[in-house]
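There are 2 protein chains.
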Amino acid sequence: MAPRGALFLLALLAVAVAVAVEAHDASAEEPPRPLVIQLPTERAEDVELRCASWRTAGEANNLAPWAAVPEDCVPHVRAYLTGPAYRSDLDLVAREASAYARATAAAAAATGTNQATAGAWVFDIDETLLSNLPYYAQHGYGLELFDHREFDRWVETGEAPAIPSSLRLYREVRDLGFKTFLLTGRSEAHQAVTVDNLRRQGFHDWDKLILRAAADREKTATDYKSEKRKEMEAEGYKILGNSGDQWSDLLGYSMSARSFKLPNPMYYIP
Amino acid sequence: MAPRGALFLLALLAVAVAVAVEAHDASAEEPPRPLVIQLPTERAEDVELRCASWRTAGEANNLAPWAAVPEDCVPHVRAYLTGPAYRSDLDLVAREASAYARATAAAAAATGTNQATAGAWVFDIDETLLSNLPYYAQHGYGLELFDHREFDRWVETGEAPAIPSSLRLYREVRDLGFKTFLLTGRSEAHQAVTVDNLRRQGFHDWDKLILRAAADREKTATDYKSEKRKEMEAEGYKILGNSGDQWSDLLGYSMSARSFKLPNPMYYIP
Chain F
71 MAPRGALFLL
81 ALLAVAVAVA
91 VEAHDASAEE
101 PPRPLVIQLP
111 TERAEDVELR
121 CASWRTAGEA
131 NNLAPWAAVP
141 EDCVPHVRAY
151 LTGPAYRSDL
161 DLVAREASAY
171 ARATAAAAAA
181 TGTNQATAGA
191 WVFDIDETLL
201 SNLPYYAQHG
211 YGLELFDHRE
221 FDRWVETGEA
231 PAIPSSLRLY
241 REVRDLGFKT
251 FLLTGRSEAH
261 QAVTVDNLRR
271 QGFHDWDKLI
281 LRAAADREKT
291 ATDYKSEKRK
301 EMEAEGYKIL
311 GNSGDQWSDL
321 LGYSMSARSF
331 KLPNPMYYIP
Chain S
71 MAPRGALFLL
81 ALLAVAVAVA
91 VEAHDASAEE
101 PPRPLVIQLP
111 TERAEDVELR
121 CASWRTAGEA
131 NNLAPWAAVP
141 EDCVPHVRAY
151 LTGPAYRSDL
161 DLVAREASAY
171 ARATAAAAAA
181 TGTNQATAGA
191 WVFDIDETLL
201 SNLPYYAQHG
211 YGLELFDHRE
221 FDRWVETGEA
231 PAIPSSLRLY
241 REVRDLGFKT
251 FLLTGRSEAH
261 QAVTVDNLRR
271 QGFHDWDKLI
281 LRAAADREKT
291 ATDYKSEKRK
301 EMEAEGYKIL
311 GNSGDQWSDL
321 LGYSMSARSF
331 KLPNPMYYIP
């Protein structure tokens with residue numbers, strides 16, 4: 071954060087310029103020329119506040135569909151993602167999910183029902199199990215509009231790193247006896263590279279990996295993922311947990327008993 | 071925030087104490103006495119990070135039901151509520167809601183359907199239209215367990231101030247032609263004082279004020295509010311917007327076309 075002293079000086083300077091321009095303008099013949107100098111309407115602190123509010127609102131699903139990070143929030147988003155706050159948020163959500171998974175498994179064991187065996191946990195992949203941060207760091211942290219071809223080229227490298235807290239959660243959930251279903255918006259054309267990437271990052275033994283078929287291409291993620299969850303239920307699974315970085319991973323129908331929204335201020339998928 | 075220099079000195083001091091205690095301990099006869107000095111396991115910065123993550127996780131509905139703010143997060147919560155961030159978050163959510171309300175009304179007008187007339191907006195009251203911050207400031211900002219009798223005494227003063235951004239939104243939504251339904255967990259016994267408080271704070275002409283009847287007392291807020299929304303639908307209203315500070319205001323069934331979660335790090339209602 072910029073020191074307050076510097077900001078105050080900057081504000082003083084802005085006021086001085088404003089007064090000077092105003093004085094010139096008042097003495098000019100009418101009609102007054104439009105002001106050339108655009109005065110800042112907010113101090114840097116206010117931008118920081120507003121961008122933090124924007125990010126929080128996104129996490130609470132309060133924003134309308136958005137195509138790109140607001141330009142003046144890019145520094146905030148970059149600092150969030152590359153500093154300790156993103157990691158801290160990811161860790162806390164994973165810990166909450168882990169506590170819930172253990173409590174659910176313990177309750178099933180206590181009542182003698184073999185609930186955990188038929189119980190399933192759904193994981194999204196991108197920004198949930200694997201991180202595309204190396205790609206987005208090269209593409210303005212969400213400022214650039216999404217470019218399918220560029221992103222596909224990145225996916226095809228198979229180099230997306232695991233999100234460490236998600237890997238721990240994934241392993242624990244498996245060890246507790248939940249069925250693990252990976253449900254991704256990635257295309258079936260990327261099946262091999264996705265399996266490869268997941269395995270090299272330590273994800274193994276999932277029960278099902280569901281990728282988007284050609285017939286699902288035009289559906290919203292909410293519809294596509296709801297349909298797939300409904301199919302899981304029809305096959306006899308009870309969806310007890312769901313981890314995803316998009317609200318479209320979690321909302322719709324056949325919703326999980328409990329959902330965990332991982333942070334993602336870089337992009338929005340309807 | 072504490073300056074890093076001071077924190078570093080504090081950490082150094084802690085290490086020095088640890089080394090001293092360790093040295094003493096090693097020279098003692100067995101069994102070693104338990105250490106009296108509890109060393110800090112986290113630096114102040116880490117507490118700040120963790121509490122910010124806790125608050126964000128609450129807004130994203132990632133926390134299990136919680137009874138009180140974690141004790142070491144009370145300074146964070148107090149600073150958030152009494153500083154500019156809470157106001158900024160409230161303002162941003164209201165602006166998003168306002169943009170959606172205007173777009174919805176415009177779309178209804180454009181298609182010639184009189185959608186806005188049958189369209190309804192549901193508002194929660196506490197921490198949504200009215201603020202109980204004066205009460206919570208006297209009760210540890212969410213650290214103290216909820217005390218019904220104490221809180222009732224506060225409600226009965228009728229002194230809860232309006233949340234300014236919510237008042238603006240309320241008026242705009244009314245002016246746009248939405249039916250406004252106030253749906254609160256407050257008891258019917260508080261009808262008169264609630265009406266009085268709302269009016270004195272500038273809220274007028276709502277279409278219905280629904281308070282909790284004796285028969286609804288044992289229900290969760292999610293069930294009670296879902297039932298009431300279902301009744302609205304049965305009466306022919308289309309719920310287009312819903313503003314509330316609790317996820318139990320928004321989730322369940324007969325959900326609104328769009329929901330707006332106002333921030334609240336002070337308490338959790340299931």
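These protein sequence lines are chains F and S, in that order. Positions 71 to 340 (my numbering) are the ones given, in order, by the first sequence. Positions 71 to 340 (my numbering) are the ones given, in order, by the second sequence. Don't be surprised by glycine CBs; every beta carbon is placed ideally from N, CA and C.
Cβ-Cβ distance between residue i and residue j below 8 Å
i: F193 of chain S; j: Y156 of chain S; result: no
i: A190 of chain S; j: M302 of chain S; result: yes
i: E166 of chain S; j: A134 of chain F; result: yes
i: L200 of chain F; j: A232 of chain F; result: yes
i: E227 of chain F; j: E129 of chain S; result: The sequence given here has Thr at residue 227 of chain F, not Glu. The answer is no: Cβ separation not under 8 Å.
i: Y211 of chain S; j: V147 of chain S; result: yes
i: S236 of chain S; j: T198 of chain S; result: yes
i: R120 of chain F; j: S168 of chain S; result: no
i: V139 of chain S; j: P340 of chain S; result: no
i: D275 of chain F; j: R244 of chain F; result: yes
i: L320 of chain F; j: V163 of chain F; result: no
i: R170 of chain S; j: R299 of chain S; result: For the record, residue 170 of chain S in the displayed sequence is Tyr; it is not Arg. No; because the gap between Cβ atoms is not below 8 Å, this pair is not in contact.
i: Q316 of chain S; j: A291 of chain S; result: yes
i: E141 of chain S; j: L203 of chain S; result: no
i: D293 of chain S; j: G322 of chain S; result: yes
Opening and closing residue of the alpha helix (DSSP H) in which residue i lies
i: G128 of chain S; result: A114 to E129
i: I152 of chain S; result: Reading off the sequence shown, one finds Thr at residue 152 of chain S, where the question assumed Ile. Segment V144 to T152, the alpha helix (DSSP H) holding T152 of chain S.
i: G221 of chain S; result: Checking the sequence, you will find Phe at residue 221 of chain S rather than Gly. Where F221 of chain S is concerned, the enclosing alpha helix (DSSP H) stretches over H218 to V225.
i: L215 of chain S; result: That residue, L215 of chain S, is in no alpha helix (DSSP H); it is neither H nor E in DSSP.
i: L237 of chain S; result: P234 to D245
i: L412 of chain F; result: This structure cannot speak to residue 412 of chain F, because chain F is shown only from 71 to 340.
Extent of the continuous beta strand (DSSP E) run through residue i
i: F193 of chain F; result: G189 to F193
i: H252 of chain S; result: A quick correction: the sequence has Leu, not His, at residue 252 of chain S. Taken as a continuous stretch (DSSP letters only), the beta strand (DSSP E) holding L252 of chain S covers K249 to S257.
Option nearest residue i by Cα separation, candidates the options
i: V225 of chain S; options: S:S324, S:E242 and S:Y206; result: S:Y206
i: H218 of chain S; options: S:T250, S:G228, S:R256 and S:E229; result: S:R256
i: G311 of chain S; options: F:T126, F:N132 and F:K289; result: F:N132
i: S313 of chain F; options: F:R113, F:E305, F:D161 and F:P154; result: F:D161
i: L215 of chain S; options: S:R269, S:Q261, S:Y150 and S:W136; result: S:W136
i: K308 of chain S; options: S:N202, S:V243, S:K249 and S:G182; result: S:K249
i: Y337 of chain S; options: S:A149, S:H209, S:A177 and S:A114; result: S:H209
i: S296 of chain F; options: F:S158, F:P333, F:R287 and F:S326; result: F:S326
i: A175 of chain F; options: F:G322, F:V144, F:G247 and F:S318; result: F:G247
i: P272 of chain F; options: F:E115, F:R299 and F:A230; result: Per the sequence shown, the amino acid found at residue 272 of chain F is Gly instead of Pro. When each option's Cα is compared against that of G272 of chain F, the closest is F:A230.
i: D222 of chain F; options: F:A259, F:S318, F:D142 and F:P154; result: F:A259
i: W124 of chain S; options: S:E115, S:R113 and S:C143; result: S:C143
i: P145 of chain S; options: S:S324, S:A173 and S:E115; result: S:E115
i: A304 of chain F; options: F:R270, F:G153, F:E242 and F:S324; result: F:S324
i: K289 of chain F; options: F:G306, F:R270, F:S318 and F:T181; result: F:S318
i: E242 of chain F; options: F:R113, F:A149, F:A173 and F:P154; result: F:A173
Exercise. Enumerate, from N- to C-terminal direction, the unbroken alpha helix (DSSP H) stretches of 4 or more residues contained entirely within the region 271 to 327 of chain S.
Key: As far as the region 271 to 327 of chain S is concerned, its whole alpha helix (DSSP H) runs of at least 4 residues are 291 to 304.
Quiz item: Is the number of C-beta pairs between the region 259 to 266 of chain S and the region 275 to 285 of chain S that are closer than 8 Å three or more?
Solution: Yes, they touch.
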